[in-house]
Amino acid sequence: MIARLPQKQLTAASTYDREDDKRPLDFRLIARLMSFTNPYRAKRNWLAVLVLIRSVQLPGLTWILSAVISGPVERADVTGVMWGMFAFAVLAISTQLVMHFRQRYAYELGEAVVHDLRNALFAHLQKMPMSFFYRTKVGRVISRMTSDIEDVRVGVQEVLYVSLVQLGQMCVATAFMLYYSPPLFLVVLGLVPILWMLNRYFHRRLSKALRAMRESFSRVTATLAESVLGIRVTQGFVRQDENARIFTDLVTFHSANNFKVLKTHGLFLPLLELNNQFFIALLMLVGGYRVLNPGSGTDVGDLVGFLFMANLFLAPITNLGNQYNQAMTAMAGAERLFKLLDTPPEWSDAESARDLPRMRGEVEFREITFGYDPERPVLNDISFVVQPGDMVALVGHTGSGKSTIINLIAKFSLAQKGRILIDGYDLHELTSSSIRRQLGVVLQQNFLFTGTLGDNIRFSKPDATDDELRAVLHKLECEDLLPDNLDTEVGERGQNLSLGQRQLVCFARAMLADPRILILDEATSSIDSITEARIQKALAILLKGRTSFVVAHRLSTIRHADLVLVLDHGRIVERGRHTELLSQRGTYEKLYQRFIQPA
Ligand code: ATP
Ligand code: MG
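Each residue of the sequence shown is one higher than the one before, starting from 2 at the first, in this note's numbering.
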């Protein structure tokens with residue numbers, strides 16, 4: 002199979018960057034993970050008991066067998082054999098019963114831990130300020146929630162308790178081996194390091210192959226996701242063949258990686274088993290020699306028992322190597338999860354922050370300077386005062402800082418210098434939630450959630466009745482533009498609705514909240530002029546009686562503004578009403594000529 006790494010990949014795939022996928026066992030991490038089992042203490046303690054019982058049961062079964070062989074069988078005592086087998090059957094049944102509960106409790110515990118971890122992470126993410134999301138890739142956040150948590154789940158459900166049982170079984174087998182024949186046990190002890198090293202070598206090779214497989218898989222999924230999302234662009238530019246070729250390359254590469262994993266497995270597993278068998282043969286050789294030498298203290302019964310126990314001791318080693326690897330993967334996952342959980346929000350409301358009483362809607366910026374990166378301000382020395390009920394239009398070139406001003410009013414970011422006052426209260430002294438509750442926000446990239454039309458409007462007021470929703474649509478005079486049925490599914494991100502409809506839903510959402518201050522980042526994309534006029538009308542109704550900030554691209558919006566702020570590279574270069582500004586024949590006039598849509 003040809004392993005050719007595709008040179009050219011679609012963007013999401015090529016920005017894939019690796020994170021460590023292994024971490025040595027770390028007891029602080031384990032302790033912290035285990036603290037998530039505290040609410041399920043009873044189950045955890047029962048599990049510990051079951052682990053102990055099971056560690057004894059498996060060697061116990063083996064012991065009964067060897068005791069029957071070297072006892073009643075040797076004596077030709079039929080009743081003894083029957084009793085022995087009866088004991089064996091009872092123990093066997095109880096062993097499987099314990100196994101059932103051991104497994105069930107481990108699954109339940111792991112599931113509970115994962116459930117709580119997911120909730121904790123989600124709650125934490127929701128609290129993070131915007132700046133965190135500016136920096137963090139969506140893919141990263143998603144892999145915390147999916148593959149990392151999955152690794153931890155496997156760690157708890159499949160690795161931790163299985164390994165404990167196996168270690169316990171090895172300890173009990175050791176005790177038996179020592180009891181049967183200490184000199185033979187020394188031979189086993191000599192073999193363990195060799196076996197362990199062989200295992201490590203194999204698992205290192207395997208985990209390298211696995212890692213390559215995981216990486217190529219995530220390239221495949223990232224490319225697939227992007228291809229589906231961007232299908233219109235692809236078909237629009239007739240790039241299907243080219244994309245298919247890139248995808249085929251990725252899939253071929255991934256197949257090759259898969260194959261490598263299987264090959265490593267196929268090669269080493271038989272080798273490892275052969276090793277175990279070789280060691281048993283060696284023990285048999287040494288043991289047989291001792292049995293044939295009377296006076297060595299080892300008889301046939303001891304040898305049989307010993308070999309049984311040696312098998313119980315050696316068999317888990319192969320497994321443990323694999324589990325050790327999975328445990329390291331779980332450690333890496335847990336570490337990343339906790340790192341995210343421990344990332345404090347860059348800022349949060351001051352302790353002393355108070356709730357803003359019902360606002361009148363006066364907004365003042367005093368010498369505000371702000372940069373997403375503090376070193377590179379994108380707003381410089383911005384000052385203005387807006388009276389309650391006024392409408393402010395923000396105009397300026399792309400990147401001039403219009404959306405940024407809006408972010409600051411909603412306290413999505415904090416300015417590095419200067420003060421923002423709402424009704425005379427400094428934004429710093431107010432809780433974000435009390436501000437946002439009285440703000441209506443319609444963003445540039447309007448966002449609808451998967452769900453019904455009604456759900457999306459109700460987003461701002463979850464307990465609103467259908468009648469309230471209809472009343473809002475009626476007020477906006479746009480019922481006829483939207484689907485009649487509030488239960489209509491809008492599709493993922495609202496894609497079953499037209500652009501204009503989506504905008505109306507966002508207006509309705511804001512209207513329902515009945516905010517004192519309304520923030521609107523007007524979408525630039527043009528909509529046919531009839532709908533456009535209707536949307537403008539809805540907008541005018543929405544803005545009526547509220548303080549509003551509108552990032553405006555349309556003349557009709559700007560003309561109604563009580564104050565137009567003209568931004569250029571993060572500074573206010575002109576301010577006033579539309580007509581005054583036009584007569585100044587400055588930046589605004591130029592913008593007007595070139596960019597502002599006449600609608
Ligand atoms: P447009 O008309 O295209 O929406 P805008 O006036 O709204 O432009 P802003 O979004 O306010 O422009 O951006 C102002 C500047 O801040 C730009 O230079 C932009 O590159 C930068 N910027 C915006 N968002 C971020 C972000 N999340 N992180 C870093 N820089 C950003
Ligand atoms: Mg913008």
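Cβ coordinates follow ideal geometry from the N, Cα and C atoms, glycine included. Small disclaimer: the values here were computed from a predicted structure and weren't measured.
Between the CA atoms of residue j and residue i - distance to the nearest angstrom
i, j, result
"Leu444", "Leu544", "15 Å"
"Val305", "Leu126", "60 Å"
"Ser144", "Ala335", "12 Å"
"Ala14", "Ala333", "Note that Ala14 scores 38 on pLDDT, short of 50, meaning its location in the model is unreliable and no value can be drawn from it."
"Gln170", "Leu313", "7 Å"
"Met214", "Phe254", "9 Å"
"Glu430", "Gln439", "16 Å"
"Ala210", "Ser256", "12 Å"
"Arg359", "Arg517", "8 Å"
"Asp522", "Gly587", "24 Å"
"Asn259", "Lys538", "59 Å"
"Glu75", "Asp300", "12 Å"
"Gln504", "Phe448", "9 Å"
"Phe269", "Val262", "11 Å"
"Arg459", "Lys128", "22 Å"
"Thr453", "Ser164", "48 Å"
"Gly231", "Phe238", "11 Å"
"Phe550", "Leu30", "48 Å"
Boundaries (first-last residue) of the alpha helix (DSSP H) holding residue i
i, result
"Lys591", "588 to 595"
"Lys476", "467 to 476"
"Arg377", "Run containing Arg377: none; DSSP gives neither H nor E here."
"Leu513", "500 to 514"
"Asp117", "79 to 128"
"Asp456", "454 to 458"
Backbone secondary structure at residue i - three-state DSSP
i, result
"Val443", "strand"
"Leu583", "helix"
"Phe238", "coil"
"Thr63", "helix"
"Tyr1", "Since the first residue shown for the chain is 2 and the last is 600, residue 1 is missing from the structure and cannot be characterised."
"Leu199", "helix"
"Arg359", "coil"
"Asp343", "helix"
"Phe366", "strand"
"Leu263", "helix"
"Gly397", "strand"
"Asp522", "strand"
"Ile3", "For Ile3, the predicted structure reports a pLDDT of 38, less than 50, and the residue's modelled location is therefore unreliable. The matter cannot be settled from this model."
"Leu53", "helix"
"Glu352", "coil"
Chain-order list of residues whose beta-carbon lies under 6 Å from that of residue i (same chain, five-residue window excluded)
i, result
"Leu179", "Phe186"
"Phe1", "The question about residue 1 has no answer, for the chain in this structure spans 2 to 600."
"Gly111", "Arg154, Val157, Gln158"
"Lys44", "Tyr106, Leu110"
"Asp563", "Asp391, Met392"
"Leu583", "Glu590"
"Arg5", "Low local confidence applies: a pLDDT of 41 at Arg5 is under 50, so the model's placement there is unreliable, with the coordinate-based value given in what follows. Hits under 6 Å: none found."
"Val552", "Leu395, Lys403, Asp522, Glu523"
Nearest-angstrom beta carbon gap, residue j and residue i [assumed within contact, 8 Å]
i, j, result
"Met131", "Phe371", "Rounded, the Cβ-Cβ distance is 12 Å, inconsistent with contact."
"Ala331", "Val160", "7 Å"
"Arg355", "Leu422", "Going by Cβ atoms, the distance from Arg355 to Leu422 rounds to 14 Å, so no, they are not a contact pair."
"Ser435", "Leu483", "Not confirmed; about 31 Å, so no contact."
"Ile410", "Ile383", "That pair is no contact at about 11 Å."
"Val364", "Val387", "5 Å"
"Asn244", "Ser228", "6 Å"
"Leu395", "Leu519", "Contact doesn't hold; Cβ gap of about 13 Å is too wide."
"Gly501", "Ile536", "6 Å"
"Met310", "Ala174", "5 Å"
"Pro317", "Gln167", "4 Å"
The beta strand (DSSP E) enclosing residue i, as first and last residue numbers
i, result
"Ala416", "That residue, Ala416, is in no beta strand (DSSP E); it is neither H nor E in DSSP."
"Asp382", "380 to 387"
"Arg24", "Arg24 -> no beta strand (DSSP E), and no H or E assigned at all."
"Arg603", "With the chain covering 2 to 600 only, the question about residue 603 has no answer from this structure."
"Ser549", "548 to 552"
Cβ-based neighbour list, residue i, same chain, cut-off 7 Å, excluding 5 preceding and 5 following
i, result
"Thr580", "none"
"Trp47", "Tyr106"
"Arg560", "His579"
"Val252", "Val221"
Proximity test, residue i beta-carbon vs ligand 3 heavy atom, cut-off 7 Å
i, result
"Asp522", "Looking for ligand 3 in the displayed structure turns up nothing; the ligands present are ligand 1 and ligand 2."
Test: residue i CB closer than 8 Å to a CB of chain D
i, result
"Arg494", "Annotation note: the requested chain D is absent from the structure, which comprises a single protein chain."
Cβ-based neighbour list, residue i, same chain, cut-off 8 Å, excluding 5 preceding and 5 following
i, result
"Glu480", "Arg471, Leu474"
"Leu51", "Val99, Phe102, Arg103, Tyr106"
"Leu308", "Ile281, Leu284, Met285, Gly288"
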